[in-house]
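Novice:
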Amino acid sequence: MTHSHAHQATSKADPQGTTLARTPLHDLHSHVSERLGEAARTWLDQALDEAAAHPGAHGPISVWELRLAEAGRRCGPEHADAVRILILHAARADTDALTRVYAQGTAAERRAVLHALPHLVSGPEALPLVEDALRTNDTRLLAAAVGPYAASHLDTHHWRHAVLKCLFTGVPVAEVADLERRAHADAELARMLGDYAAERTAAGRPVPEDLHRVLTLTDPTATPPAPAADHGPNGAEGTHGKES
2 MTHSHAHQAT
12 SKADPQGTTL
22 ARTPLHDLHS
32 HVSERLGEAA
42 RTWLDQALDE
52 AAAHPGAHGP
62 ISVWELRLAE
72 AGRRCGPEHA
82 DAVRILILHA
92 ARADTDALTR
102 VYAQGTAAER
112 RAVLHALPHL
122 VSGPEALPLV
132 EDALRTNDTR
142 LLAAAVGPYA
152 ASHLDTHHWR
162 HAVLKCLFTG
172 VPVAEVADLE
182 RRAHADAELA
192 RMLGDYAAER
202 TAAGRPVPED
212 LHRVLTLTDP
222 TATPPAPAAD
232 HGPNGAEGTH
242 GKES
C-alpha cells in the first residue's frame, strides 16, 4: 500500500540513531516495510490509514496514540522508533499533540517524538521538548535531541552545552547534526572544551577522544564546511545561528 503523505525518496534509510530524523519518510517507510513480517506490515498499513483518517486529538486519547504505544509489540523494538515516526506524520501531529505524547509517553515514545520533529515542525515552537531531553541523562534520548531539529533551531548557548552534555554522558558526537558547521570557528566552544579537558586531566581522568575531534572543528583556520541544506516539513531551509 502506498501512502501519499510520505516524502520523496532521496537516500537509503538507516534505522539507527539520529539518521531516523534525517531520512526522507518515503525511504523510512520502504525500509521498515521490507523488514517487517506480513502481520506486522499489515498492522502498520492499518495504523497509518487510521492515523491519516483521524488526525489530531480526539477525546482523552486518539486512536493513533494507542498505536504508538503498540508499535514495539507489533513491529519489534528494532523498528518501533521508525514506525512511531511514520504514525506521527500520518496523524499530522502538531506541536500540541507532540508535546502531549512526549509528556505522557514512555522513554521510547519520547525518543520517537524527538526524531519526528524535523519531519513535522518547521519552526522553533517544539524547542521545549528538545530542552527537556537535554536535561536528562538518558543517552538515547540525548542522542535524539541533538538531531537536525536542534541543529536548525537551538540557540548557540544551549547548543554548546548540548555538545558538552554529549561528552559528559558518552553520547558520540557523531550524533550531533551539523556539528562541523556549527562548531567551526566557535571560540567560546573551544574555551569550554579546553576547560573541561583541563578538569578531567587534573582529576586524573581520561579526556574523551570526541573532545579532541570537536576542538579541531572549532579551529578558525580550517576550511569551513559548505552550508547544509536543512529541508523542513514544508521544504523550506532552516536557519542556524551563531549568536549567543
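According to the working numbering, the sequence shown is numbered sequentially starting from 2.
C-beta atoms are modelled at their ideal positions from N, C-alpha and C, and glycine is treated no differently.
All of these numbers come straight from a predicted model, not from anything done at the bench.
(1) How big is the Cα-Cα spacing for A22 and S123?
(2) CA-CA distance, L180 and L69?
(3) State the CB to CB distance for the pair A117 and A81, rounded to an integer number of angstroms; the pair is presumed to be in contact (CB under 8 Å).
(4) Shortest alpha-carbon distance to V174 belongs to which of L130, A104, L37, R214?
(5) So, at 6 Å on beta carbons, what are the nonlocal neighbours of T219 in its own chain, with the 5 sequence-adjacent residues on each side left out?
(6) DSSP three-state label for L37, please.
(7) Measuring straight from C-alpha to C-alpha, what distance separates K166 and D46?
(8) When DSSP labels each residue in this structure, what does L21 get in the three-state scheme?
(9) Would you say L49 and I88 are within 8 Å of each other, going by their C-beta atoms?
(10) Short check: CB of L142 to CB of D211, under 8 Å?
(11) With H, G and I counted as helix, E and B as strand and the rest as coil, what does DSSP make of R141?
(12) Who are the Cβ neighbours of V172 in its own chain at under 8 Å, not counting the five residues just before and after it?
(13) Report buried or exposed for H55, applying the criterion of at least 16 other Cβ atoms within 10 angstroms of its Cβ.
(14) Alpha carbon to alpha carbon, what distance is there between R201 and A178?
(15) Please state whether DSSP places R192 in a helix, a strand or coil.
(16) Determine the DSSP secondary structure at V208, reduced to helix, strand or coil.
(17) With DSSP collapsed to three states, give me the class of V172.
Specialist: Checking against the coordinates, here is how it stands:
(1) One alpha carbon belongs to A22, the other to S123, and they sit about 13 Å apart.
(2) Straight-line Cα distance between these residues: approximately 31 Å.
(3) That pair is no contact at about 13 Å.
(4) The option with the nearest alpha carbon to V174 is R214.
(5) Here the set comprises A184, D187, L190, A191.
(6) In this structure, L37 counts as coil in the three-state DSSP scheme.
(7) A straight-line Cα-Cα distance of about 38 Å links K166 and D46.
(8) L21: helix per DSSP, three-state reduction.
(9) Contact flag set, yes.
(10) No. Outside cutoff.
(11) Helix, per DSSP.
(12) Here the set comprises T140, L143, A144, V147, K166.
(13) By the 16-neighbour rule on beta-carbons within 10 angstroms, H55 is exposed.
(14) Looking at the backbone, the Cα of A178 and that of R201 are separated by about 26 Å.
(15) Helix.
(16) Three-state DSSP puts V208 in coil, outside helix and strand.
(17) Correct three-state label for V172: coil.
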